[in-house]
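J.:
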Amino acid sequence: MTLTIFPWLLLGVLLNASAQLLLKAGAERISHISFSWDNLVPMALQVGTNPSIILGLITYLLSVIMWIGVLSRVDVSVAYPMVSLGYVVNAIAAYYLFSEPMNAMRISGIFVILIGVYMVARS
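Reading the sequence shown from the start, the letters are residues 1050 to 1172 in our numbering.
Here it is as structure tokens:
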């Protein structure tokens, strides 16, 4: 992977991570989703009119477009492991934005991911 493509790959990962955070924020603003036919229309209205969910879906679409561009230039066996950086971004962001737990086991997992991404990037 070249240094010229890495910023594009990183932007795609960050867009994807941002989309997940926006979807989470939107999900917290709607009532509990019940998977039943009786609840289908009310849930669709809540989801379809939620600004965070709409923005999250748009951001996700942008990340897919960016990802396709990256895959046209980089081997998927190198590019796909970089998506793991999104786990790191989301774990840290969720800690600050949603007060999700950050314990020693999770921090250790983040370091393992970072080491793995570094090893794949250098291969």
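Where a beta carbon is used, it is the ideal one built from N, C-alpha and C, also for glycine.
Every value quoted in this text rests on a predicted model; they were computed, and no experiment measured them.
Mapping the DSSP letters down to three states, classify residue 1123 as helix, strand or coil.
T.: In the sequence shown, the residue the question calls residue 1123 occupies position 74. Here residue 1123 sits in coil by DSSP.
J.: So residue 1132 and residue 1062 are in contact, right, with Cβ under 8 angstroms, and what is the actual spacing, rounded?
T.: For the purposes of this step, residue 1132 is identified with residue 83 of the sequence shown, where counting begins at 1. For the purposes of this step, residue 1062 is identified with residue 13 of the sequence shown, where counting begins at 1. Right, the Cβ-Cβ distance comes to about 6 angstroms (below 8 angstroms), so this counts as a contact.
J.: Just mark residue 1108 as buried or exposed, buried being the case when its beta carbon has 16 or more other beta carbons within 10 Å.
T.: As a first step, residue 1108 must be located in the sequence shown, where it is residue number 59. So residue 1108 counts as buried.
J.: Relative to the C-alpha of residue 1082, which residue among 1064, 1092, 1075 and 1074 is closest?
T.: Here residue 1082 is taken as the residue at index 33 of the sequence shown, counted from 1. If we check each option's Cα against that of residue 1082, 1092 comes out closest.
J.: So, residue 1130 versus residue 1158, is the Cβ gap smaller than 8 angstroms?
T.: In the sequence shown, residue 1130 corresponds to position 81, counting from 1. In the sequence shown, residue 1158 corresponds to position 109, counting from 1. Cβ distance not < 8 angstroms, so residue 1130 and residue 1158 don't count as in contact.
J.: To the nearest whole angstrom, what separates the beta carbons of residue 1102 and residue 1075, a pair I think is in contact under 8 angstroms?
T.: Locating residue 1102 in the sequence shown gives position 53, where the first residue counts as 1. Locating residue 1075 in the sequence shown gives position 26, where the first residue counts as 1. Indeed they touch by this definition, with Cβ atoms about 3 angstroms apart.
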